[in-house]
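Numbering (my numbering), first residue to last: 761 to 1261. No residue lacks a Cβ here, since even glycine has one placed at the ideal position from N, Cα and C.
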Ligand code: ZN
């Protein structure tokens, strides 16, 4: 067999694995959007089966032998085939550590827990979620042991989504961030709060969806390869390289929720749609890590979507859409309203300045859960204490307390929240680098044009998919390792002006 034949076999095997994952994504998307509640047991069973089949393919000894045979090629070359072999090797080595029976149990628990959470959150019923959480914690601990030895239990979970990151590195970064953020939040909290009543009239949800989708397509979201639906927890998913979906949620009495959720998920979708076609169908054909992915959603949602220049172009259009509601609101008042800084209960509603405090607290709590320092039954109380301490507010119930995020209720605990905060940090770092290359980007945004920014991101980040590890792509694109400096400079400049600090 020639190397070409072996590479073809490798690609065929990897495409089957991708297809099984994508088929499962369709079922999950349907579960989160249109499926009637009664479909849950059947759906859980189907997802478990697909997960098992995918895992079987991923751990097939034939795949391992093929990778062994191709190893010398990967060592001798520096091209996409070599990178494909290396990435497939990493995925294989991780997958074979996890028994198929475990994957099946974990997937079944994930589906059941998610369905239960969808009932439990609106009815503020933490007690009904407690057994699911305890089981999830147990299964997570079991999972982590497959990767022993490790420095910290959270490390294998973090490495799954952000290769190369560790809990120690994140803790150091979060400590630095907290030191900078807390005085800034306090300084802002001492000022008169922004008036955001203009966002809380009555706004037809269909019109909100259409406006958001129009901006998404202006950003460059391609509807020939995507679509927008609604779900309780917005997300971006992928059914193939040519079908990248987003969901959002709208509220008639809150204009910013739906709009910024749409822009957020659009950022994720732009990353996936920007991946080079030659990486399609392979494990290289997706974003390089969760944190880098989140940097793109935050960049488009916040750095672009909440900027003064952006609204210079879009505010008259929004006023046209909602003439009665917004006729007495100036552009400047609207800009201040969408950038209101407030110590609030809900992470997904949090402003750019306080957002990371929500994350740091969750990161700490999940480490405590994993380490056994915190029992599941103590979680609601620990949550309340941390919100009082870090954000000076008391959650009135669990619905808007520890039940608010889907993450812990989908079958695993740990290895997810950190990427949101790191996403904010990297969003500013990527944007600052784009600005150094093209100082006219803010003016273009002010004219409703995003091509230069999107092309810079595509060229330096999107098209590479998973060719480079997260730390490598950050250094290549921005010229330096991850740093909080551009992020803090961004916050200080924007909010210093807004709150006259
Ligand atoms: Zn996101």
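Cβ-heavy atom distance, residue i to the ligand ZN, below 7 Å
i, result
"residue 1054", "yes"
"residue 991", "no"
"residue 873", "no"
"residue 1057", "yes"
"residue 1178", "no"
"residue 1028", "yes"
"residue 815", "no"
"residue 1118", "no"
"residue 1024", "yes"
Start and end residues, beta strand (DSSP E) containing residue i
i, result
"residue 1008", "1003-1008"
"residue 1281", "Any question about residue 1281 goes unanswered here, given that the chain covers just 761 to 1261."
"residue 999", "996-1000"
"residue 1243", "Note, residue 1243: premise wrong, no beta strand (DSSP E); not H, not E."
The alpha helix (DSSP H) enclosing residue i, as first and last residue numbers
i, result
"residue 1179", "1178-1197"
"residue 1212", "1211-1220"
"residue 716", "A question about residue 716 goes unanswered here, because the residues of the chain that appear run from 761 up to 1261."
"residue 1203", "1201-1206"
"residue 840", "840-855"
"residue 988", "No alpha helix (DSSP H) holds residue 988; the beta strand (DSSP E) holding it covers 988-990."
"residue 787", "763-793"
"residue 1272", "Because the chain here runs from 761 to 1261, residue 1272 falls outside it and cannot be looked at."
"residue 1229", "From DSSP, residue 1229 is part of no alpha helix (DSSP H); its letter is neither H nor E."
"residue 879", "860-880"
"residue 1063", "First-last for residue 1063: undefined, no H or E at that position."
"residue 1161", "Where residue 1161 is concerned, there is no enclosing alpha helix (DSSP H), given that its DSSP letter is neither H nor E."
"residue 973", "965-979"
"residue 1059", "Here residue 1059 belongs to no alpha helix (DSSP H), and DSSP marks it neither H nor E."
"residue 805", "800-818"
"residue 1022", "1015-1033"
"residue 887", "886-905"
Presumed contact (8 Å Cβ cut-off) between residue i and residue j, rounded CB distance
i, j, result
"residue 1136", "residue 890", "6 Å"
"residue 944", "residue 1113", "6 Å"
"residue 921", "residue 1179", "6 Å"
"residue 1073", "residue 1206", "6 Å"
"residue 1009", "residue 994", "6 Å"
"residue 896", "residue 1172", "6 Å"
"residue 852", "residue 824", "6 Å"
"residue 1183", "residue 1057", "7 Å"
Residue burial classification, residue i (beta-carbon count within 10 angstroms, cutoff 16)
i, result
"residue 822", "exposed"
"residue 1245", "exposed"
"residue 763", "exposed"
"residue 870", "buried"
"residue 1026", "buried"
"residue 998", "buried"
"residue 1002", "exposed"
"residue 1239", "exposed"
"residue 803", "buried"
"residue 906", "exposed"
"residue 1242", "buried"
"residue 1116", "buried"
"residue 1049", "buried"
"residue 784", "buried"
"residue 817", "buried"
"residue 1147", "buried"
"residue 962", "exposed"
"residue 826", "buried"
"residue 879", "exposed"
"residue 1155", "buried"
"residue 761", "exposed"
Contact test: residue i Cβ vs the ligand ADP heavy atom, cutoff 7 Å
i, result
"residue 1167", "This structure lacks the ligand ADP; the ligands present are the ligand ZN."
Minimum Cβ-Cβ distance from residue i to chain C less than 8 Å
i, result
"residue 946", "Absent from the structure: chain C. Only one protein chain is present."
Which ranges would you report for the alpha helix (DSSP H) in the segment 1073-1125 if only whole runs of at least 4 residues count? Entirely contained in the segment 1073-1125, the alpha helix (DSSP H) runs reaching 4 residues are, in chain order, 1083-1086 and 1091-1098.
At which residue ranges does the segment 907-955 contain complete beta strand (DSSP E) runs of 3 or more residues, listed in the order of the chain? none
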